[in-house]
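Here is the structure we will look at.
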């Protein structure tokens, strides 16, 4: 798994907080409007022989209120809603103030490290790196992928790396186009042996790593059985689809399309 490159992943909450901020602002505006348009007074509810009775109170000294008949139950509903709005509005405003405070204090911590002399940078791990620097350090790890058979066709990606199939070529070029760092056939230790997933990818936003295995000959029963066994080996070693493992399949009649690859890459890695 990932070696330590930084001490703290970059913040990932800004986008979600902005969505929440907008939702709160709209809701607060709506509640304020509903309160201003609500009938004057407040609601008192009592129970009589298992039924609810509603009373409208308009004066502070009045503890009983005026009875609201069943024919005018909509007025009781308006008063109940207004009472609720008056209680919930301060809580919504308090939450909004906290979110605004968090957003205003959010900082790009990596800039502190970026501004240091390169000689200092080599001496320690920073709290947080920029995506560019993190990607560079992550890709600089030295390793050896599996050797190629001399008779195998030479297929090269747009960056000049050799791969074993046309589907792998499409996956590699898609990852490059989307600026998703990957290591081709990077060795990882499973429970009983070392595996070389087709691609070992990095989600720069979350700093999470994913092994990506593509199974391209699922028409072949023996190949398919081996693929299932390999997936089981991954799961025994705590690699699970969607969490840290991406699995794609194809047959001659159902090839993997570029559109599918891009959708998967954006879903898990972008």
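Residue numbers (the working numbering): 92 to 361.
Note that CB positions come from ideal geometry on N, CA and C, so glycine has one too.
Residue i (DSSP reduced to helix, strand or coil)
i: residue 312; result: helix
i: residue 105; result: helix
i: residue 305; result: strand
i: residue 92; result: Any answer about residue 92 is weak, because its pLDDT of 49 lies below 50 and its placement is not dependable; what the coordinates show is given next. Coil.
i: residue 276; result: coil
i: residue 281; result: coil
i: residue 295; result: coil
i: residue 355; result: helix
i: residue 255; result: coil
i: residue 166; result: helix
i: residue 336; result: strand
i: residue 286; result: strand
i: residue 116; result: helix
i: residue 324; result: helix
Option nearest residue i by Cα separation, candidates the options
i: residue 256; options: 265, 245 and 266; result: 245
i: residue 182; options: 283, 119, 289 and 230; result: 119
i: residue 309; options: 121, 340, 285 and 261; result: 340
i: residue 232; options: 121, 186, 267 and 276; result: 276
i: residue 355; options: 333, 133 and 284; result: 333
i: residue 189; options: 266, 116, 200 and 278; result: 116
i: residue 366; options: 313, 278 and 159; result: Nothing in the structure corresponds to residue 366, since the chain is present only between 92 and 361.
i: residue 230; options: 173, 343 and 298; result: 298
i: residue 169; options: 216, 320 and 131; result: 131
i: residue 114; options: 358, 149, 243 and 187; result: 187
i: residue 205; options: 141, 224, 214 and 198; result: 224
i: residue 199; options: 314, 212 and 221; result: 221
i: residue 343; options: 359, 318 and 311; result: 311
i: residue 251; options: 121, 264, 319 and 242; result: 264
i: residue 173; options: 135, 151 and 247; result: 135
i: residue 143; options: 167, 293 and 210; result: 167
i: residue 269; options: 346, 258 and 295; result: 295
i: residue 267; options: 316, 213, 226 and 161; result: 226
i: residue 95; options: 203, 184, 202 and 228; result: 228
i: residue 284; options: 253, 292 and 327; result: 327
Proximity below 8 Å, CB of residue i to CB of residue j
i: residue 123; j: residue 180; result: yes
i: residue 306; j: residue 336; result: no
i: residue 208; j: residue 287; result: no
i: residue 361; j: residue 262; result: no
i: residue 126; j: residue 176; result: yes
i: residue 216; j: residue 97; result: yes
i: residue 148; j: residue 156; result: yes
i: residue 325; j: residue 281; result: yes
i: residue 290; j: residue 273; result: yes
i: residue 219; j: residue 99; result: yes
Nearest-angstrom Cβ-Cβ length linking residue i and residue j, presumed shorter than 8 Å
i: residue 338; j: residue 352; result: At roughly 13 Å, the Cβ-Cβ gap does not stay under 8 Å, so residue 338 and residue 352 are not in contact.
i: residue 214; j: residue 105; result: Actually they are not in contact, since the Cβ atoms of residue 214 and residue 105 sit about 30 Å apart, beyond 8 Å.
Review point. In the stretch 118 to 160, which residue ranges form an unbroken beta strand (DSSP E) of at least 3 residues, counting only runs that do not cross its ends?
Key: 133 to 139, 142 to 148 and 157 to 159
**Study point:** Start-end ranges of the alpha helix (DSSP H) lying completely within the stretch 173 to 251, minimum 4 residues
**Key:** As far as the stretch 173 to 251 is concerned, its whole alpha helix (DSSP H) runs of at least 4 residues are 201 to 205, 209 to 212 and 222 to 230.
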